[in-house]
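Please read the structure below before turning to the comments.
In the numbering used here, the protein residues as written are 38 to 191.
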């Protein structure tokens, strides 16, 4: 009997289909969400959650818009402002106090060439993060304006 496979609607990774939970507004297949959970636990890196959320934007609804905006701002802070990745949570909490007027940004296709399946160590997280951030290049100016409106990078 052949194993069923599924393609993740967010990143496109093809994995064996699994029955399991998904996130309420992050657009990932159950198999991809489960793999993210495993990798997030075994490869602790502050960028994992940001990259995964940006690569799995979901659909244009309030929670998804806010999530993608905040996580894109985090990547912008790291890659355009040289902010230390380990200080992003505090920055995002501060940004939420005075959120800019976020809007849905049409996700790039493809949304990066790497996925959570390519993440095997801390170094590969950084390569994946840069790959996904670069995929969103059409929106970098908007994201930088949000970052500036929220008080700039750390």
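Glycine residues also receive a C-beta, built at the ideal position from the N, C-alpha and C atoms. Source: prediction; values computed, not measured.
Give the straight-line distance between the Cα atoms of residue 174 and residue 93, rounded to the nearest whole angstrom.
Roughly 16 angstroms between the two C-alpha positions.
Residue 123 to residue 140, Cα distance in whole Å?
Straight-line Cα distance between these residues: approximately 26 angstroms.
Quick check on the burial criterion: 16 or more other C-beta atoms within 10 angstroms. Buried or exposed for residue 150?
Answer is exposed; the Cβ neighbour count stays below 16.
Taking just the CA atoms, how far does residue 170 sit from residue 148?
Each residue's Cα considered, the two are about 9 angstroms apart.
Applying the 10 Å Cβ sphere with the 16-neighbour rule, what's the burial state of residue 152?
Counting Cβ neighbours within 10 Å, residue 152 comes out buried, since at least 16 surround it.
Contact check, residue 111 vs residue 82 under 8 angstroms by CB: the rounded distance?
Not confirmed; about 12 angstroms, so no contact.
Within the chosen definition, does the region 102-109 reach the region 125-145 through at least 3 CB pairs nearer than 8 angstroms?
Yes: the two stretches touch, three or more of their Cβ pairs being nearer than 8 angstroms.
Residue 52 to residue 44, Cα distance in whole Å?
Computed Cα separation, rounded: 7 angstroms.
Using C-beta distances below 8 angstroms, list every residue in its chain close to residue 58, excluding the 5 sequence neighbours before and after it, in chain order.
Cβ neighbours of residue 58 beyond the five flanking positions: 67, 70.
Go ahead and pull the three-state DSSP assignment for residue 158.
In this structure, residue 158 counts as coil in the three-state DSSP scheme.
Return the first residue and the last residue of the beta strand (DSSP E) that residue 52 is part of.
51-53 is the span of the beta strand (DSSP E), which, as asked, contains residue 52.
Going by DSSP, what residue range makes up the alpha helix (DSSP H) through residue 126?
Here the alpha helix (DSSP H) through residue 126 covers 125-134.
In this structure, does DSSP put residue 104 in helix, strand or coil?
In the structure shown, residue 104 sits in a helix (DSSP, three-state: H, G or I).
Roughly how far, in whole angstroms, is the beta-carbon of residue 84 from the beta-carbon of residue 162, given that I think they are within contact range, below 8 angstroms?
Indeed they touch by this definition, with Cβ atoms about 6 angstroms apart.
Can you say whether residue 97 is buried or exposed, counting buried as having 16 or more other CB atoms within 10 angstroms of its CB?
With fewer than 16 Cβ atoms within 10 Å of its Cβ, residue 97 is classed as exposed.
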